[in-house]
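> Everything in the sequence shown is counted per UniProt numbering, starting at 1 for the first residue and increasing by one.
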Amino acid sequence: MKALVVYGSRYGTAAEIAQEVARVIKDEGVEVDLEDARGIKDCDVSPYDLVVVGSGIKIGKWTSKSLKFLKDNRSSLANRKVAIFVSCGAANEESSRAEGQEKYLDEVAAKNLINEPLSTGLFGSVYDPEANHGLMFKMVNRSVRKNLQKQGIDPSKRLDYRDWGEIRSWARGLVDKLKNDS
Ligand SMILES: Cc1cc2nc3c(=O)[nH]c(=O)nc-3n(C[C@H](O)[C@H](O)[C@H](O)COP(=O)(O)O)c2cc1C
């Protein structure tokens with residue numbers, strides 16, 4: 001069995017999730033290729049039993065290259081097991097998770113995949129007060145900072161909202177489904 005993990009990541013958060021997903025899949029005995037969507041030109045997905053595609057979210061959007069991968073391979077992905085995940089701020093709080101699930105996963109799947117995905121993963125983000133990735137990043141971090149202060153959380157500290165246990169068990173679940181169905 002063979003799996004492909006493709007990711008789109010602007011600040012490295014979804015990239016690290018994709019790396020961990022690929023590592024777990026490999027540990028479960030499945031051969032795996034890991035690809036940054038930016039490096040993909042023509043991709044033949046036919047050797048893969050499972051294709052995992054993930055992205056970070058910026059202003060409501062997947063990266064253009066990770067979406068392009070879904071669109072370019074729409075018909076060939078219909079014949080294999082596909083799982084999608086996102087890393088986003090909406091996943092960090094219970095009150096915004098349903099909206100994140102709907103906008104960044106369910107709507108993207110409905111629009112870009114022919115069949116229902118095998119599974120979807122809604123994973124948290126990283127708040128880094130030291131990071132400097134331009135004006136838009138600063139503005140978003142500023143509003144996150146205010147929100148943290150409101151919740152009584154110290155915004156001078158880096159916060160990693162990714163639940164690695166949840167991410168690993170999601171990846172293991174994909175392999176279980178793959179093995180059970182084959
Ligand atoms: C400029 C900017 C815009 C963002 N827009 C959204 C958004 O619309 N919705 C959301 O849930 N998270 C948003 N986030 C949080 C990111 O989705 C989160 O930091 C994610 O982990 C980034 O993934 P990446 O590092 O792989 O690109 C935004 C972050 C930044 C810096």
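By construction, the Cβ of each residue, glycine as well, lies at the ideal position given by its N, Cα and C atoms.
From a predicted model like this one, the values you see are computed outputs, not experimental measurements.
Do SER119 and THR13 have their C-beta atoms closer together than 7 Å?
No, Cβ-Cβ distance for SER119 and THR13 is not below 7 Å.
> Buried or exposed: which applies to ALA98, given that a residue is buried once 16 or more other Cβ atoms fall within 10 Å of its Cβ?
Exposed, since its Cβ has fewer than 16 Cβ neighbours within 10 Å.
> Could you say which of LEU105, GLU20, SER156 and GLY8 lies nearest to ARG38 if we only look at CA atoms?
Per the Cα distances, GLY8.
> Report yes if the C-beta distance between ASN115 and ALA83 is below 7 Å; otherwise report no.
Not in contact: ASN115 and ALA83 (Cβ atoms no closer than 7 Å).
> Output the distance between the C-alpha atoms of GLY134 and SER143, rounded to the nearest integer angstrom.
Between GLY134 and SER143, the C-alpha separation is close to 15 Å.
> Could you pull the start and end residues of the beta strand (DSSP E) that LYS2 belongs to?
Per DSSP, LYS2 belongs to the beta strand (DSSP E) from 2–8.
> Is the CB-CB distance between VAL45 and VAL5 below 7 Å?
Not in contact: VAL45 and VAL5 (Cβ atoms no closer than 7 Å).
> I think VAL24 touches ARG172, with their Cβ atoms under 8 Å apart; what is that distance to the nearest whole Å?
Going by Cβ atoms, the distance from VAL24 to ARG172 rounds to 6 Å, so yes, they are a contact pair.
> Evaluate PRO117 with the Cβ neighbour count: other Cβ atoms within 10 Å of its Cβ, from every protein chain shown; 16 or more gives buried, anything less gives exposed.
Answer is buried; the Cβ neighbour count reaches 16.
> Any heavy atom of ligand 1 closer than 6 Å to the beta-carbon of SER125?
True, at least one ligand heavy atom lies under 6 Å from that Cβ.
> With LYS26 as the anchor, note down where its alpha helix (DSSP H) starts and where it stops.
Looking at the DSSP string, the run of the alpha helix (DSSP H) that includes LYS26 is 13–27.
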